[in-house]
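Read through the structure below, which is laid out as structure tokens, and then see the notes.
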Amino acid sequence: MAINPPNLSNPLIISAAVVGSWPTKEQNPGVPITEDEIAAAAVECAEAGAAIVHIHVRDESGRVTGDLERYARVQKAIREFGSDVLVNLSTSGGVGRASDEQRVGIAALRPDIASFDAGSLNFGHTVFLNPPALLDRLAAELANHNVKPEIECFEPGHVANALRLIDEGKLTAPFWFQFVLGVRGGSPGTPQQLLHMLEMIPDGALWSVCGIGRAQLPLGMMAIAMGGHVRTGFEDNLFYHKGELATSNAQLVARLVRIATEAGRPVATPSEAREMLGIRGR
Ligand code: ZN
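The letter at position 148 of the sequence shown is residue 148 when you use the working numbering, and the numbering goes up by one with no holes.
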């Protein structure tokens, strides 16, 4: 993608990743764990300005699970709040905690968006496996059910994988890339890494950045300044400032809304985000 002068009139799509696979209430009491808590956190983020909520689910012991019934109930609860926020369900399976059937089975739940992790990597102390055959299968199922893949790239090799799938017609425009930077095992959360990966994606693709931990706010501000989009939330970062826990996911969303507003970037409503991403309402 050519790096053009930033278009600040481009509405900013804020994604809120409210729970993820790993955070616990011991780390931050605001982390939502039960289905009700996850749905409520998602709705609160939508009210604060998020156009997309990114969802994982936990079992009764609080561990991440690929249980499709839980996913379905949380998605239903969010929609029943009457919010038209876009629902993005994780297909990551919590890095080894879900079967391939469960991971691919997300497509049939027909969320607006589903994560599509475009390659394997070391992930903290484990390995996050996304083999080519699984990606082919997942891409086909998401296309069958008309679910927009969020192409998550943790390092430049994942962008190259995605470009191959695009060339093969397995991923189709408009493309929605999420650069996840700062995972231990992936690309560091630095401006240079973001720029490098941005230069690789096709012209016209939409992109968002999700910095892990202390990289979250600076990379988010960089995306706001560059005309890209941004993800926040407890999946990626539990702190508001160094040493100060965030009180809720919505608090992190509200900060991005204020920064964007000060920068002259309008914040995208869910319906604007649908339009931009070519996603019809359910
Ligand atoms: Zn996730």
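Using N, Cα and C, we set each Cβ at its ideal position, and we do this for glycine too.
Is any non-hydrogen atom of the ligand ZN found closer than 7 Å to the C-beta of residue i, if you look at the structure I gave you?
i             : result
glutamate 60  : no
glutamate 235 : yes
histidine 229 : no
glycine 185   : no
serine 120    : no
alanine 17    : yes
serine 208    : no
histidine 56  : yes
glycine 124   : no
glycine 189   : no
glycine 20    : yes
serine 92     : yes
Taking DSSP as the reference, what is the three-state secondary structure of residue i?
i              : result
proline 149    : strand
histidine 241  : strand
arginine 58    : strand
glycine 278    : coil
glutamine 178  : strand
serine 271     : helix
asparagine 249 : helix
glycine 20     : coil
glycine 264    : coil
Name the one or two DSSP bridge partners that residue i has.
i             : result
histidine 229 : Ser208
arginine 184  : Gly186
serine 15     : Ile52, Arg231
valine 87     : Val53
valine 64     : Arg58
Near residue i, which residues of its chain fall below 8 Å by C-beta distance, leaving aside the five closest residues on each side in sequence?
i           : result
alanine 205 : Met1, Ala173, Pro174, Phe175, Trp176, Phe177
Looking only at its own chain, which residues have a Cβ that is under 6 Å from the Cβ of residue i, when we skip the five neighbours before and after it?
i             : result
isoleucine 13 : Ala51, His229, Ala268, Ala273
Residue ranges of each beta strand (DSSP E) within the segment 98–150, 3 or longer: 113–117, 121–123, 126–128
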